[in-house]
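Q: Once you've had a glance at the structure underneath, I'll fire off some questions.
In this note's numbering, the protein residues as written are 6 to 174.
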């Protein structure tokens, strides 16, 4: 008797049980890879400025992977306000949200405000932090990361060296 490819209820049930067992055995990150709302974010911290007054991003080279959720923590460790600006970066990511945070009395970060929509520039004041939650959606090498604030000498922080590169793979 030739098989017509139809499976009986018992075979279908066995396949469903096997698929459920395999899914349960996968790590959470692997199970949620297709659902961006269920991913745990990868945290990347960038310090804006230096305590000694130098204008710099630390680190100034960043690397992200498409399809992964990131929480980019921008901490201003200097005495001056700083921008994290990149039109190219903004065009290659989906922004989930930006949060303004501050250290609470117990030292843990407290969210003060949340913004949604297209973001291309974030300004962080001295001693404060912002979190940019995003998913890269297009690959590329981004070379326009900069801080455009103008220093007392009339030159921008970027002209003082506050620039960087971002690679999305």
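Using N, Cα and C, we set each Cβ at its ideal position, and we do this for glycine too.
Determine the DSSP secondary structure at residue 134, reduced to helix, strand or coil.
A: strand
Q: Do the CB positions of residue 79 and residue 51 come within less than 8 Å of each other?
A: yes
Q: Measuring alpha carbon to alpha carbon, tell me which residue in 49, 138, 85 is nearest residue 161.
A: 85
Q: According to DSSP, which residues form a beta bridge with residue 150?
A: 169
Q: Can you tell me whether residue 141 is buried or exposed, with buried defined as 16 or more other CB within 10 angstroms of its CB?
A: buried
Q: Please specify which runs of the beta strand (DSSP E), each continuous and at least 3 residues long, are wholly inside the region 89-116, giving them in chain order.
A: 98-108
Q: Could you tell me if residue 88 is buried or exposed, where buried requires 16 or more neighbouring beta carbons within 10 angstroms of its beta carbon?
A: Per the 10 Å Cβ criterion, buried.
Q: As a quick exercise: from 110, 108, 137, pick the residue whose alpha carbon is nearest that of residue 98.
A: 137
Q: By the three-class DSSP mapping on this structure, what secondary structure does residue 76 have?
A: Residue 76 carries a strand assignment under DSSP once its states are collapsed to helix, strand and coil.
Q: Determine, using beta carbons only, whether residue 45 and residue 93 come nearer to each other than 8 Å.
A: No.
Q: For residue 62, which residues in the same chain have their Cβ closer than 8 Å to its Cβ, ignoring the five residues on either side in sequence?
A: 51, 52, 53, 89, 150, 152, 167, 168, 169
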